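Visitor: Take a look at this one; I'll ask things after.
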Amino acid sequence: MSSDQDHLKETDTEARFEFKKEEKSAFKSEKGLTEETIRVISEDKDEPEWMLQRRLRALKQFQQMPMPTDWPGQPDLSEVDIDEIVPYIRPDIETRGGAEKWEDLPDEIRDTFDKLGIPEAERNALSGVGAQYESEIVYQNMQEQWEEKGVIFMDMDKAVREHPDIVQEYFMTKCVPPSDNKFAALHGAIWSGGSFVYVPEDVTVEMPIQAYFRMNSEGMGQFEHTLIIAEENSEVHYIEGCSAPKYSHFNLHSGGVEVFVKEGAHVQYSTVQNWSKNTYNLNTKRAIVEKDGTMEWVSGSMGSKATMLYPASILKGPGATDNHITIAFAGEGQNIDTGAKVYHNAPNTKSTIESKSISKDGGRTNYRGLVHIANGAENSSTSVECDALMFDNESTSDTMPYMEIQESKVDVAHEATVGKIGDEDVFYLQSRGLDDDDAKQMIVAGFIEPITEELPIEYAVELNRLIELEMEGSLG
Amino acid sequence: MSTGLQSVLSEGTVREISEGRDEPEWLLQQRLDALEALDDLAFPAVIKTPGRKWTDLADLDFESFVDPLTQSDEKDQVGPSGVEVLPFAEAVDAHPELVESAFGNVVDPQTNYLTALSTALFTSGTVIYVPEGVNAEDVKVRTTMNSRSLFNYTLVVAEESSSVTILERQQTGDEVDGARYYSGITEIATGENAYVQYGSMQDLDQETYNYQLKRGVTDTYGTCNIVDANVGSRLTKTSVEVELEGDSSETKIVGAFYGHDDQHFDIDSRVWHEGEHTTADLVTRGVIDDDSRSVYEGVQNVGREAWDTSSYQRENTLMLSDESEADASPKLIINNHDTEASHSATVGQVDQQELFYMKSRGVPEQLAKNMLVEGFYVPVLDEIEVEELREDLLEVIRARLASRTA
C-alpha cells in the first residue's frame, strides 16, 4: 500500500480524487439512527407526511432485518456499525434545493467539482449535470431544449416537493421496496439527495444526463436515491459518477437506484465509481422493463473497501432486453463482490451479461450473479460471460453464478475464464519496444475495452486513468 | 439435529451392528464417535441463494426410512486376479492394518450429519485393494438393496504405480412399501503415479432417497477419475470431490443424469487444486423431463500454493419438458494467479436446426429427437472405461426415451 500511496501523491489523479475539503455544513444530524433522526431529516427537507411515514416504516424494517451473513465468500461487514454513521449532512448553501448557476456555489464546493472536472464535462455539451455534495444536490443544470420537451431532471429532494404524484407512485414501491434487503431498508429510512429523471413518451434525450456524487466528510453515510422513469418509446442515457476521499474512519454508501423502462423505451444507466478505500459500498439498483423495452447497465466499480452490488433487471414484458457490462478492480485490502441479476418473467426476453474483473496486491473480486427464467418465459435467451485477470498470487478471484431455469424453451449459457496476464503477450509487446509496465497497461486497456466503448469519452478516460493509476502503483 | 431418529438410533444399536460383525475395537470406536457427533453436525451443504434453498434434506423424515437393524442387501463383488475385492468385514480380517489406516482418511466420517450416520450404521461395504504395480481392469461391485434402509461403504486403495477401473452399481431389489433410504460413502486413495477410474451407476427405484459422497485424494503423478451416473431414486444428493494433493496429479470428473417423473437430483462436483501442475476436467451432462428437477454445483478451488494449475468445467442440461426445472452454479475460486481456468454451463432444449436437418432426411420427429438426446450423452459416454457401465447407462437412456414416445 505504501508504494501505492507514494505514487498517488505524485500524480494529478491524487489531486483529482483523493483531496478533501474542510467539512463545513449547515446541518449535521446526530450519529446513529433513531426515529428522532428521521423526523429531523424529513422536517429539515420540508417533506410531505407520506414520505416521513415511508421513512419510518423503512426504519422499522431495517431494525427487524438481519445483516447478510450467510452468503458464501461474502465481504466482511462486521465493521459496519450504523450507530457510528452520520446519516445526513446538508452542505451550507443559501439557496434551497441547489444553486441555479455554477458561480453561485461556495468556493470550496466549486473548487472540489472543478478538480473533478465536472464543469469541464459540461462545457463539453452534455445535456445536464447534477452534482451532489454530501447529502444534497448542490448544482444542477440541463439544457433548455430538453426541458421544453417535458424532460424533468432534478434533485430527488426537490422532486418530492414539486412532483409528489409521480414520486409517491414510484418511490420505493414497485421496484426496490425497503423490504428487499437490510440496506435497502436503511436507504428507505435515511435516503437523501440523488436524481429524479422523467422522460415523457416518444422523447429521445440525445445527450447523456449526468450526476456526480461526492462524500467529503469522515464517518458519514451517503444514501442518494435515483429514480428514472422513461415513458413509452422514450430514450435516455443517465450517467453517474461517484467518489469519496480517504479517511481513517469508515464510510458507508448505500444508494438506491430505481429505473422504470416503459413499453419500447430504452434506458442506459452508466456509472463509474471510485470510493475511498474505507468505504462500504452497499447498494440496491433495479430496473423494471416493460414490453420491448431495453435496459443497459454499464458500470465500473473501483475503490471502496467492500462493495456488494448486483444491479438487477426484471424483464416483465415480452420482448424486453437487458444488457449488463461491468468491470471491477480490487487492489490491496479491497473486496469487490459484484455481479448482475436478471429475472426473465415474460416470453422472448433477452439478456447478456459481460463481467470483467482485475485483482492485484491481495485484492479480492467476486462475480455473484443470478439468472432466473420463470415458467412461461419461453424463447428467452441469456448469455453470461465473466473474465477475470489476476496479477499476483496474493489476489483472489471467484465466480459464483446461479442459474434457475424453470422453462424448457430457452437458451442459457454461462462462461467464465480466469487467467494471469499472458507472458507471451507481454513478451510480444516488449519485443516491439514497450517496457514491461506499458505492455501490461496496454493489455489491461484491451481487456476492459468492452466497457470503455460503452461510455462517453470523459468517463472512458476517467476509467482508464483510474486503472492506469492502480496499475502503476502495483508495478512501480 | 432433531430428526426424530432417537428412537432407533442408540449406542445399543451401533454396538449390536458392530458386535454382530465381530469388528475390532477401533472400528466400533469410530462408529460410536460418529454417533455421538450427530447432535452437533449439520446436513450437507446444498446450493442456496439468499432466501432460497433448493434441496432440503433436513425435511426428510428419517424416522420412517432408517431401520438400521434390518439392513439387507445382495452383493456381487468381482475383480481380476492380483487385485483384492473384499466384503468390508472380510477385509478387516485379511488386511487389518491397511483398513484401519485408510478408513476415514479421505472422507472424514464427521463431515456432516449424513456421513456420520452412515459411518455409525453401515453394514454393507467393499474394500478394493490394488497392490503396487498391479493393473486391474473391470472391477465390478453390484449392490442390490433389499431393506428399508442401507448404509454402504466403499474403500479403494490404489498403491504406487497401480491402475484400476471400477464399476459400482446401486439398485433396489425386493419390494418395500413406502420410501427407502440409501446412503453410500466412497473413499479413494490414489497412490503415487497410480491411475484410478471409479464409476458409479445409481439406478435405485423411485421411492428411494439417496445420499452419496465419493471423494478421492491424489499423490504425486496420480490420476483419480470419477464417473457418477444417476438415473434412479426419488431424491438424490450426490457429491463427487477430488483433492489434488500431489504435484502433477490429475482428475476428470464425469457426471451424467437423466431425471423424469418427479425425480430430484442435487449434484455437485468439487475439486481442490493443492499441489503444483495439477489438472482438472469436469464434464457433466444431464437430461430432465416431466416434473423433474436438477440442481448442479461445480466448484474449482485453486489454492494459494497451486502453481501452474489448469482447471476446466463444462455442464450442459437438456430440458425436455416445460414443467422441469434446472438450476446450475459453476463456481471458480482462484487464489493463485498462475492458473488457467474456465467453466461454462448451458441449459437448453433439443437443437431445432439439428432436428430440422434430421427430419429433412426422412427421420420421423420423435426418433430424431431421441437420437439427438442419445447423442447429447456421447461426450460423457466416451469417457467411461468400464464397458458395462457405458452399456447400462445407454440402456436406461434408451428405455426412458422409448417410454416417452409410448
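Chains A and B are the protein sequences, given in the same order.
For the first sequence, the working numbering gives the first residue as 61, with consecutive numbering after it.
For the second sequence, the working numbering gives the first residue as 5, with consecutive numbering after it.
For every residue, glycine included, the Cβ atom is placed at its ideal position computed from N, Cα and C.
Quick caveat: nothing in here was measured; it's all calculated off a predicted structure.
1) Could you tell me the distance, in whole angstroms, from the CA atom of Arg-404 of chain B to the CA atom of Ser-336 of chain A?
2) At 8 Å on the CB atoms, spell out the chain B contacts of Ser-411 of chain A, in chain order.
3) Helix or strand or just coil, what does DSSP make of Arg-365 of chain B?
4) Tell me the DSSP bridge mates of His-474 of chain A?
5) Three or more C-beta pairs under 8 Å: does that hold for the region 218-236 of chain A against the region 336-349 of chain A?
6) So Tyr-230 of chain A and Leu-287 of chain A are in contact, right, with Cβ under 8 Å, and what is the actual spacing, rounded?
7) Drop a sphere of 10 angstroms on the beta-carbon of Ser-315 of chain B, count the other beta-carbons inside from all chains shown, and report buried for 16 or more, exposed for fewer.
8) Bridge partners of Gln-123 of chain A, per DSSP?
9) For Ala-473 of chain A, collect the residues of the same chain with a Cβ closer than 8 Å to its Cβ; drop the 5 residues on either side in sequence, then sort them by chain order.
10) Relative to the C-alpha of Phe-389 of chain A, which candidate in A:Ala-400, A:Leu-494, A:Tyr-370 and A:Ser-364 has its C-alpha closest?
11) Which residues mark the beginning and the end of the beta strand (DSSP E) in which Phe-507 of chain A is found?
12) Buried or exposed: Gly-290 of chain B, going by 16 or more other Cβ atoms within 10 Å of its Cβ?
13) If we call anything under 8 Å between Cβ atoms a contact, is Ile-189 of chain B one with Leu-217 of chain B?
14) Alpha carbon to alpha carbon, what distance is there between His-341 of chain B and Gly-506 of chain A?
15) I'd like the span of the alpha helix (DSSP H) that includes Arg-19 of chain B, first residue to last.
16) So Asn-339 of chain B contacts chain A; which residues on that side make the cut at Cβ distance below 7 Å?
17) Using only the alpha-carbon positions, how far apart do Thr-227 of chain B and Ser-76 of chain B sit?
18) Would a C-beta distance cut-off of 8 Å place Gly-423 of chain A and Thr-343 of chain B closer than the cut-off?
19) Is it right to say Phe-360 of chain B is buried, meaning 16 or more other beta carbons lie within 10 angstroms of its own, or is it exposed?
20) If contact is defined by three or more beta carbon pairs under 8 Å, each pair taking one atom from either stretch, is the region 34-51 of chain B in contact with the region 118-125 of chain B?
21) Could you check which residue in B:Ser-153, B:Ala-372 and B:Ile-170 has the C-alpha nearest to that of Thr-176 of chain B?
22) What first and last residue would you give for the beta strand (DSSP E) that runs through His-285 of chain A?
23) Consult DSSP for Arg-318 of chain B and reduce its assignment to one of helix, strand or coil.
24) Output, in sequence order along the chain, the residues in the region 400-428 of chain A whose CB is closer than 7 Å to any CB in chain B.
25) Taking 8 Å as the threshold (beta carbon to beta carbon), is Ala-473 of chain A in contact with chain B?
26) Compare the Cα-Cα distances from Gly-436 of chain A to each of A:Asn-405, A:Pro-461, A:Lys-420 and A:Asn-426 and report the closest residue.
27) To the nearest angstrom, report how far apart Ser-455 of chain A and Asp-80 of chain B are at their CA atoms.
28) Given this structure, state the Cα-to-Cα distance separating Asp-294 of chain B from Asn-214 of chain B, to the nearest angstrom.
29) What do you get for Trp-276 of chain B, buried or exposed, if any count of 16 or more other CB atoms within 10 angstroms of its CB means buried?
30) Per DSSP, Trp-357 of chain A forms a beta bridge with which residues?
31) Which ranges would you report for the beta strand (DSSP E) in the region 222-258 of chain B if only whole runs of at least 3 residues count?
32) Under the DSSP definition of a beta bridge, which residues are partnered with Pro-335 of chain A?
33) Cα separation between Ser-457 of chain A and Met-216 of chain A?
34) Would you mind reading off the limits of the beta strand (DSSP E) that contains Gly-129 of chain B?
35) Can you tell me whether Gly-195 of chain B is helix, strand or coil according to DSSP?
36) Going by beta-carbon coordinates alone, are Ile-511 of chain A and Lys-416 of chain A separated by less than 8 Å?
Guide: For this structure:
1) Translated into the one-based positions of the second sequence, residue 404 of chain B becomes position 400. Translated into the one-based positions of the first sequence, residue 336 of chain A becomes position 276. C-alpha separation (whole angstroms): 59 Å.
2) In the first sequence, residue 411 of chain A corresponds to position 351, counting from 1. Here the premise fails: no neighbours, minimum Cβ distance about 14 Å.
3) Here residue 365 of chain B refers to the residue found at position 361 when the second sequence is read from its first residue. Looking at Arg-365 of chain B - three-state DSSP - the assignment turns out to be coil, as it is neither helix nor strand.
4) Position 414 of the first sequence, counted from the start, is the residue given in the question as residue 474 of chain A. In DSSP, His-474 of chain A forms a bridge with A:Val-444 and B:Ala-349.
5) yes
6) As a position in the first sequence, residue 230 of chain A is number 170, starting the count at 1. As a position in the first sequence, residue 287 of chain A is number 227, starting the count at 1. About 6 Å separates the two Cβ atoms, so the contact holds.
7) Position 311 of the second sequence, counted from the start, is the residue given in the question as residue 315 of chain B. With 16 or more Cβ atoms within 10 Å of its Cβ, Ser-315 of chain B is classed as buried.
8) In the first sequence, counting from the first residue as 1, residue 123 of chain A sits at position 63. DSSP lists no partner for Gln-123 of chain A.
9) As a working mapping, residue 473 of chain A is identified with position 413 in the first sequence. If we look at Ala-473 of chain A and ignore the five residues flanking it on each side, its Cβ neighbours are Thr-442, Ser-443 and Val-444.
10) Position 329 of the first sequence, counted from the first residue, corresponds to residue 389 of chain A. For Phe-389 of chain A, the nearest C-alpha among the options comes from A:Ser-364.
11) Here residue 507 of chain A refers to the residue found at position 447 of the first sequence. Segment 496-507 is the alpha helix (DSSP H) holding Phe-507 of chain A; no beta strand (DSSP E) there.
12) Locating residue 290 of chain B in the second sequence gives position 286, where the first residue counts as 1. That one is buried.
13) Against the second sequence, residue 189 of chain B aligns to sequence position 185. Against the second sequence, residue 217 of chain B aligns to sequence position 213. Yes, these two residues count as a Cβ contact at 8 Å.
14) Walking along the first sequence from the start, residue 506 of chain A turns up at place 446. Walking along the second sequence from the start, residue 341 of chain B turns up at place 337. When rounded, the distance between both Cα atoms is 19 Å.
15) Locating residue 19 of chain B in the second sequence gives position 15, counting from the first residue. First-last of the alpha helix (DSSP H) with Arg-19 of chain B: 15-24.
16) Along the second sequence, one-based indexing puts residue 339 of chain B at 335. What Asn-339 of chain B touches in chain A: Thr-456.
17) Stepping through the second sequence from its first residue, residue 227 of chain B is reached at position 223. Stepping through the second sequence from its first residue, residue 76 of chain B is reached at position 72. The alpha-carbon atoms of Thr-227 of chain B and Ser-76 of chain B are separated by roughly 34 Å.
18) Stepping through the first sequence from its first residue, residue 423 of chain A is reached at position 363. Stepping through the second sequence from its first residue, residue 343 of chain B is reached at position 339. Taking 8 Å as the Cβ cut-off, Gly-423 of chain A and Thr-343 of chain B do not qualify as a contacting pair.
19) By one-based count along the second sequence, residue 360 of chain B stands at place 356. Label assigned to Phe-360 of chain B: exposed.
20) yes
21) Within the second sequence, residue 176 of chain B is the residue found at index 172, counting from 1. Looking from the CA of Thr-176 of chain B, the closest CA among B:Ser-153, B:Ala-372 and B:Ile-170 belongs to B:Ser-153.
22) Sequence index remark: in the first sequence, residue 285 of chain A carries index 225 (1-based). 285-290 is the extent of the beta strand (DSSP E) around His-285 of chain A.
23) What you label residue 318 of chain B is simply residue 314 of the second sequence in a count that begins at 1. DSSP places Arg-318 of chain B within a strand segment (E or B) once states are collapsed to three.
24) none
25) By one-based count along the first sequence, residue 473 of chain A stands at place 413. It does; some Cβ of chain B falls within 8 Å.
26) As a first step, residue 436 of chain A must be located in the first sequence, where it is residue number 376. The option with the nearest alpha carbon to Gly-436 of chain A is A:Asn-405.
27) One-based indexing of the first sequence puts residue 455 of chain A at position 395. One-based indexing of the second sequence puts residue 80 of chain B at position 76. Cα to Cα, the separation comes out at about 50 Å.
28) In the second sequence, the residue the question calls residue 294 of chain B occupies position 290. In the second sequence, the residue the question calls residue 214 of chain B occupies position 210. Near 20 Å, if we compare the C-alpha coordinates of Asn-214 of chain B and Asp-294 of chain B.
29) For this step, residue 276 of chain B is matched to residue 272 along the second sequence. With 16 or more other Cβ atoms within 10 Å, it is buried.
30) Residue numbering aside, residue 357 of chain A sits at position 297 when the first sequence is read from its first letter. A:Tyr-329 and A:His-384.
31) 227-234 and 239-248
32) For the purposes of this step, residue 335 of chain A is taken as residue 275 along the first sequence, with counting starting at 1. Residue 335 of chain A is actually Trp in this sequence, not Pro. Paired residue(s): A:Gly-363.
33) Within the first sequence, residue 457 of chain A is the residue found at index 397, counting from 1. Within the first sequence, residue 216 of chain A is the residue found at index 156, counting from 1. In a straight line, the C-alpha of Ser-457 of chain A is about 37 Å away from that of Met-216 of chain A.
34) Here residue 129 of chain B refers to the residue found at position 125 when the second sequence is read from its first residue. Start and end: 128-134.
35) Looking up residue 195 of chain B in the second sequence gives position 191. The answer is coil: DSSP assigns Gly-195 of chain B none of H, G, I, E or B.
36) The count along the first sequence starts at 1 and reaches residue 511 of chain A at position 451. The count along the first sequence starts at 1 and reaches residue 416 of chain A at position 356. Yes, Cβ-Cβ distance for Ile-511 of chain A and Lys-416 of chain A is below 8 Å.
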